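Enquirer: Same order as they appear, the protein sequences are chains A and B.
So this note's numbering is basically just the index in the first sequence, starting at one, shifted up by 9.
So this note's numbering is basically just the index in the second sequence, starting at one, shifted up by 32.
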Amino acid sequence: MTSQKSTREVLLSCIDDIEIIAKLLSVSTLLNKVFKELLDNLIAQKQQKPMSTEHTQLVELVLQKDTDLKATLKLAEEQGVLQQKVVALETEVERHDVEIRNLQKQLKEAEQLLATAIFQAKQKLQSISRANNKPVNSEELIKFAHRISASNAVCAPLTWQQGDPRRPYPTDIEMRLGFLGRLGEMNVNGHMSFPELLHRPNHSLQQGSSVPNSQAGTYSWLSQNDLQMPCLSVSHLGVSGGMDHKNPKKENEDVDVMSTDSSSSSSSDSQ
Amino acid sequence: MATQHFSEGDFDLLSTIYDIIKSVEKEQQDNAQKLKDSQEAGQKVLELQRKLDHAREVVKKLPGIELSKDEQLLQIDLLRRQLTLKRDLLNKYRSITSFDRETQSEYQINQH
Numbered sequence: 010m011t012s013q014k015s016t017r018e019v020l021l022s023c024i025d026d027i028e029i030i031a032k033l034l035s036v037s038t039l040l041n042k043v044f045k046e047l048l049d050n051l052i053a054q055k056q057q058k059p060m061s062t063e064h065t066q067l068v069e070l071v072l073q074k075d076t077d078l079k080a081t082l083k084l085a086e087e088q089g090v091l092q093q094k095v096v097a098l099e100t101e102v103e104r105h106d107v108e109i110r111n112l113q114k115q116l117k118e119a120e121q122l123l124a125t126a127i128f129q130a131k132q133k134l135q136s137i138s139r140a141n142n143k144p145v146n147s148e149e150l151i152k153f154a155h156r157i158s159a160s161n162a163v164c165a166p167l168t169w170q171q172g173d174p175r176r177p178y179p180t181d182i183e184m185r186l187g188f189l190g191r192l193g194e195m196n197v198n199g200h201m202s203f204p205e206l207l208h209r210p211n212h213s214l215q216q217g218s219s220v221p222n223s224q225a226g227t228y229s230w231l232s233q234n235d236l237q238m239p240c241l242s243v244s245h246l247g248v249s250g251g252m253d254h255k256n257p258k259k260e261n262e263d264v265d266v267m268s269t270d271s272s273s274s275s276s277s278d279s280q
Numbered sequence: 033m034a035t036q037h038f039s040e041g042d043f044d045l046l047s048t049i050y051d052i053i054k055s056v057e058k059e060q061q062d063n064a065q066k067l068k069d070s071q072e073a074g075q076k077v078l079e080l081q082r083k084l085d086h087a088r089e090v091v092k093k094l095p096g097i098e099l100s101k102d103e104q105l106l107q108i109d110l111l112r113r114q115l116t117l118k119r120d121l122l123n124k125y126r127s128i129t130s131f132d133r134e135t136q137s138e139y140q141i142n143q144h
């Protein structure tokens, strides 16, 4: 499509043309007058005709240009009215653009939220299927929870006061009474059977009647769990013996205690 | 007539041109009068120049004449089409139904 001249260019060119023609016309008129004055009828008449023809042509040209200018001005007026419509349409389009941008932003946010939710839901489904594939007995879970909370590491006992020797971590006395502490004893005393080593803390605790109540409370989880933990390690090692039949009994007692008493087993009130 | 950004006097150049020609064509015997006529002609020429400059200024300020009329009509047509498209797009997304079980089950059926 050939690019058309804009109306502004047409108007300006019309005005330029009128200016040039007006100048030519005034020059032509002046020359006409000069020739008329200076020369005689004969010579002047001979030259006057082309001058007057030229003059006439210039006059016609300026009139035509003026007509063109007026027509172009009318066109410009119509275009001015159309321009108002253009401005209104552009405003409306801009308003819609703003709304579309807002909508796009909201959709993007929604997509992000949904993607996050779907991802988390998929993860949950995966963990559910994993749990369904390897079910765990609820009693065992409670037992382990019991054992974990028995050491007071999760929460202090309700009766705990300042000065209470109980700590959320095993103290040095408890460590000495544990398996690692008695390993040293075993080495010192030479050869000692493993079951004997396991029986020992029972005797030492029973003999320790002078132990104050708070310390007894401290050792409460030892008395209940001390045999169980080595028993677990025993089962790992595959050692069989007379200990096995005692273990289920201890575990049953533990389970009975757990099922009847909902509070933590680390409390000293049981002692 | 719609709002005009110019008056007819802004582009009335012919009268000034006529005045110039008339003052140039005047035949005077008296030198003083001749001088006066030539001065008058000179003033008319200046006036014409001023009118031409004023006309150019008015043309530069006129709105909507950056394009030809055909191009302007084409621009209006394009803007109208753009507006229709954008309006339809917005209506489409505004009237979209939120998630519901019927469409969800239809989607699942189509997937299987």
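Just so it is clear, CB atoms sit at the ideal spot from N, CA and C, and this is done for glycine as well.
These numbers come from a predicted model, not from an experiment.
Since I believe A/Gln88 is in contact with A/Thr16 (beta carbons under 8 Å), could you give me their beta-carbon distance rounded to a whole number of angstroms?
Expert: As a first step, residue 16 of chain A is located in the first sequence; it is residue number 7 there, counting from the start. As a first step, residue 88 of chain A is located in the first sequence; it is residue number 79 there, counting from the start. Between A/Gln88 and A/Thr16 the Cβ distance is about 6 Å, and since that is below 8 Å, they are a contact.
Enquirer: Counting C-beta neighbours from all protein chains within 10 Å, is the total for A/Val96 16 or more, i.e. buried, or is it exposed?
Expert: Residue 96 of chain A sits at position 87 when you count from the first residue of the first sequence. Exposed, since its Cβ has fewer than 16 Cβ neighbours within 10 Å.
Enquirer: Are B/Leu94 and B/Leu45 touching if we call contact CB-CB under 8 Å?
Expert: Position 62 of the second sequence, counted from the start, is the residue given in the question as residue 94 of chain B. Position 13 of the second sequence, counted from the start, is the residue given in the question as residue 45 of chain B. Contact: no.
Enquirer: Can you tell which of A/Thr38, A/Asn142, A/Asp75 has the C-alpha that lies nearest to the C-alpha of A/Asp26?
Expert: Taking the first sequence and counting its residues from 1, one reaches residue 26 of chain A at position 17. Of the listed residues, the one whose Cα sits closest to A/Asp26 is A/Asp75.
Enquirer: How many Å lie between B/Leu99 and A/Leu48 at the Cα?
Expert: Translated into the one-based positions of the second sequence, residue 99 of chain B becomes position 67. Translated into the one-based positions of the first sequence, residue 48 of chain A becomes position 39. Taking the straight line from one Cα to the other gives about 53 Å.
Enquirer: Determine, for B/Leu67, whether the minimum Cβ-Cβ distance to residues of chain A falls below 8 Å.
Expert: The residue you call residue 67 of chain B lines up with position 35 of the second sequence. So no, B/Leu67 is outside the interface.
Enquirer: Alpha carbon to alpha carbon, how far is A/Leu84 from A/Ser22? Give it in angstroms, no decimals.
Expert: By 1-based counting over the first sequence, the position of residue 22 of chain A is 13. By 1-based counting over the first sequence, the position of residue 84 of chain A is 75. Distance between the alpha carbons of A/Ser22 and A/Leu84: 15 Å.
Enquirer: Does DSSP put A/Cys23 in a helix, a strand or coil?
Expert: For the purposes of this step, residue 23 of chain A is identified with residue 14 of the first sequence, where counting begins at 1. Helix at A/Cys23.
Enquirer: Ends of the alpha helix (DSSP H) at B/Arg119?
Expert: Locating residue 119 of chain B in the second sequence gives position 87, counting from the first residue. Element bounds for B/Arg119: 101–126.
Enquirer: Using three-state DSSP, classify B/His37 as helix, strand or coil.
Expert: Numbered from 1 along the second sequence, position 5 holds the residue referred to as residue 37 of chain B. Coil, per DSSP.
Enquirer: What's the gap between the Cα of B/Lys118 and the Cα of A/Ser138?
Expert: Along the second sequence, one-based indexing puts residue 118 of chain B at 86. Along the first sequence, one-based indexing puts residue 138 of chain A at 129. For B/Lys118 and A/Ser138, the distance between alpha carbons rounds to 47 Å.
Enquirer: Where do the N-terminal and C-terminal ends of the alpha helix (DSSP H) with A/Val145 fall, by residue?
Expert: Counting from 1 along the first sequence, the entry for residue 145 of chain A is found at position 136. Premise fails: A/Val145 is in no alpha helix (DSSP H) and is neither H nor E.
Enquirer: Between A/Ala130 and chain B, is there a C-beta pair that is closer than 8 Å?
Expert: Taking the first residue of the first sequence as 1, we reach residue 130 of chain A at position 121. With 8 Å as the cut-off, A/Ala130 does not count as an interface residue toward chain B.
Enquirer: Assign B/Gly96 to one of two classes, buried (16 or more other C-beta atoms within 10 Å of its C-beta) or exposed (fewer than that).
Expert: Position 64 of the second sequence, counted from the first residue, corresponds to residue 96 of chain B. The residue in question, B/Gly96, is buried, as its Cβ has 16 or more Cβ neighbours within 10 Å.
Enquirer: Give the secondary structure of B/Thr129 by DSSP, where H, G and I count as helix, E and B as strand, and everything else as coil.
Expert: If you number the second sequence from 1, residue 129 of chain B lands on position 97. Here B/Thr129 sits in coil by DSSP.
Enquirer: Here's a check: name, in chain order, each residue in its chain whose Cβ is nearer than 7 Å to the Cβ of B/Ala73, leaving out the five neighbours to either side.
Expert: As a first step, residue 73 of chain B is located in the second sequence; it is residue number 41 there, counting from the start. These residues qualify, in order along the chain: Ile52, Ser55, Val56.
Enquirer: The segment 13–42 of chain A: which residues have C-beta closer than 7 Å to a C-beta of chain B, in chain order?
Expert: If the cut-off is 7 Å between Cβ atoms, the segment 13–42 of chain A has Gln13, Lys14, Ser15, Thr16, Arg17, Leu20, Leu21, Ile24, Ile27, Glu28, Ala31, Leu34, Ser35, Thr38, Leu39, Lys42 near chain B.
Enquirer: Smallest Cα separation from A/Glu99: which of B/Lys124, B/Ser130, B/Arg112, B/Asp120?
Expert: Counting from one through the first sequence, the residue named residue 99 of chain A turns up at place 90. The shortest C-alpha separation from A/Glu99 is found at B/Arg112.
Enquirer: Buried or exposed: where does A/Val19 fall if 16 or more other Cβ atoms within 10 Å of its Cβ makes it buried?
Expert: As a position in the first sequence, residue 19 of chain A is number 10, starting the count at 1. A/Val19 comes out buried.
Enquirer: What does A/Glu108 reach in chain B if we use C-beta pairs closer than 7 Å?
Expert: Working through the first sequence from its first residue, we reach residue 108 of chain A at position 99. The answer, in chain order, is Leu122.
Enquirer: Does DSSP classify A/Gly172 as helix, strand or coil?
Expert: Locating residue 172 of chain A in the first sequence gives position 163, counting from the first residue. The answer is coil: DSSP assigns A/Gly172 none of H, G, I, E or B.
Enquirer: Let's test the definition: count the other Cβ atoms within 10 Å of the Cβ of A/Gln92 and tell me whether it reaches 16, buried, or not, exposed.
Expert: Here residue 92 of chain A corresponds to residue number 83 of the first sequence, with the count starting at 1. Result: buried.
Enquirer: Does chain B have any CB closer than 8 Å to the CB of A/Gln88?
Expert: Counting from one through the first sequence, the residue named residue 88 of chain A turns up at place 79. Taking Cβ atoms only, chain B reaches closer than 8 Å to A/Gln88, which makes this a yes.
Enquirer: Just to confirm my understanding: we take A/Leu34, look at its own chain, exclude 5 residues before and 5 after, and list those with CB closer than 7 Å. What are they?
Expert: Taking the first sequence and counting its residues from 1, one reaches residue 34 of chain A at position 25. Within the same chain, A/Leu34 has close Cβ partners Leu67, Val68, Val71.
Enquirer: Measuring alpha carbon to alpha carbon, tell me which residue in B/Tyr50, B/His37, B/Lys83, B/Lys58 is nearest A/Val43.
Expert: The count along the first sequence starts at 1 and reaches residue 43 of chain A at position 34. Ranking B/Tyr50, B/His37, B/Lys83, B/Lys58 by Cα distance to A/Val43 puts B/Lys58 first.
Enquirer: Between A/Ala80 and B/Ser47, what straight-line distance do the alpha-carbon atoms span, to the nearest angstrom?
Expert: Here the question's residue 80 of chain A lines up with position 71 in the first sequence. Here the question's residue 47 of chain B lines up with position 15 in the second sequence. So the alpha carbons of these two residues sit roughly 18 Å apart.
Enquirer: State yes or no: is the beta carbon of A/Asp77 nearer than 8 Å to at least one beta carbon in chain B?
Expert: Here residue 77 of chain A is taken as the residue at index 68 of the first sequence, counted from 1. Closer than 8 Å: no.
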